[in-house]
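Residue numbers (the numbering used here): 287 to 486.
Quick reminder that beta carbons are idealized off the backbone N, C-alpha and C, glycines included.
All values reported here derive from a predicted model rather than from experimental measurement.
The structure appears below as structure tokens.
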DNA sequence: CCCGGGATGATCT
DNA sequence: GATCATCCCGGGG
């Protein structure tokens, strides 16, 4: 009875039923798969609920952020600057809201599909480096918002296989709550985004 | 290599 | 009308 699928699923639900800022670093090294494409997650950001001024939940529930109030296992997809689709794993304590933004990954399966989606001329380590690029690599659509990866055969998330050495710092691209070090990344990993400015 | 800035459109005030 | 949880290109050093 070791490795029964429901055991792994239960462990993920437990992980994602905590405050996002506590769960996020434990997600480094996890693998997310959509159909034939799989990414090893190397950079994430935690967005808490209505009390986090940088969260889409700040100010309460709206049509856009409704998925962040759903149960852990659900995917929250939002459109950034009109053009990019970005992916969060819903993560919060019971009765709350929140999510973990997947900011960068390493392509470990489906390379041909990713290259076709991203277009020519990209170095391999940059194919899913940055939340918009990661979304494009995974083939997100607006309909991905609200999908439960525990119940949809096209989607899967696996717990990290090995411990990784992580770093943390302020979240990128926000104007409020800059003091919270809620961005987490695999130390030294070449696919982490924002290497020019934000990494220490 | 580094930095600055423009594109682009949904969302909310 | 302002604000973005962004990306990428072009110019200068």
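Quick one, are the C-beta atoms of residue 384 and residue 454 less than 8 Å apart? Contact flag unset, no.
Identify the residues that DSSP records as bridge partners of residue 360: which are they? BP columns for residue 360 point to 358, 434.
Let me check one thing: in DSSP terms, what residues is residue 385 bridge-paired to? Looking at the DSSP assignment, residue 385 forms a beta bridge with 333, 376.
Nearest CA to the CA of residue 372: which residue from 378, 403, 328, 426? Per the C-alpha coordinates, the member of 378, 403, 328, 426 positioned closest to residue 372 is 426.
Given a threshold of 16 other Cβ atoms within 10 Å of its Cβ, counted over all protein chains shown, does residue 437 qualify as buried or as exposed? Residue 437 should be labelled exposed.
Answer with buried or exposed for residue 381, where buried requires no fewer than 16 other C-beta atoms within 10 angstroms of its C-beta. Result: exposed.
Residues near residue 355 in its chain [Cβ-Cβ closer than 7 Å; skip 5 each side]: Answer for residue 355: 347, 383, listed in chain order.
To which residues of the same chain is residue 413 closer than 6 Å at the C-beta, ignoring the five residues directly before and after it? Annotation for residue 413: 393, 400, 404, 423 place their beta carbon closer than 6 Å to its own, counting only its chain and skipping 5 residues before and after.
Which residues in the same chain have their Cβ closer than 8 Å to the Cβ of residue 417, if we skip the five residues on either side of it in sequence? Excluding sequence neighbours, residue 417 sits near 366, 370, 372, 373, 387, 388, 389, 390, 479.
Report the residue from 319, 317, 338, 305 whose alpha carbon sits nearest the alpha carbon of residue 461. With respect to the C-alpha of residue 461, the residue from 319, 317, 338, 305 having the closest C-alpha is 338.
Considering only the beta carbon of each residue, do residue 431 and residue 328 sit closer than 8 Å? Cβ distance not < 8 Å, so residue 431 and residue 328 don't count as in contact.
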